[in-house]
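Reviewing the structure listed below.
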Amino acid sequence: MYEWVLVIILVLAIVCLVIGVTYLVWFMVHVSAGTRYSRKKAFIAVPIISLLLGFSVHFFLLYFGTGL
């Protein structure tokens, strides 16, 4: 009956995970390369990465039925 809701939750989880991991890799490459990386971008990147990965974990937990 509510299969479409599960599909939406799974798609949101995968999208948040892919964007979060991509942003994390981009952040690590720029920091480790020692490029001119501004502190402003670093302070913006860390919360965005943690929010996206947190939302992906939350959506995966909802999808698999733990309900946290």
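Going by our numbering, the sequence shown opens with residue -11, and the numbers climb by one from there.
Yeah, the Cβ is synthetic: ideal placement off N, Cα and C, and Gly gets one too.
Take residue i and list the residues in its own chain whose beta-carbon comes closer than 8 Å to its own, dropping the five residues that flank it on each side.
i: I(-3); result: F47, L50 and Y51
i: L(-6); result: Y51
Is the CB-CB distance between residue i and residue j below 8 Å?
i: S38; j: C4; result: no
i: A30; j: Y11; result: no
Sorted by chain position, which residues of the same chain lie with C-beta nearer than 7 Å to residue i's C-beta, five sequence neighbours on each side aside?
i: G8; result: I37, L40, L41 and S44
i: L0; result: F47
Nearest CA to the CA of residue i: which residue from the options?
i: P35; options: A21, F15 and E(-9); result: F15
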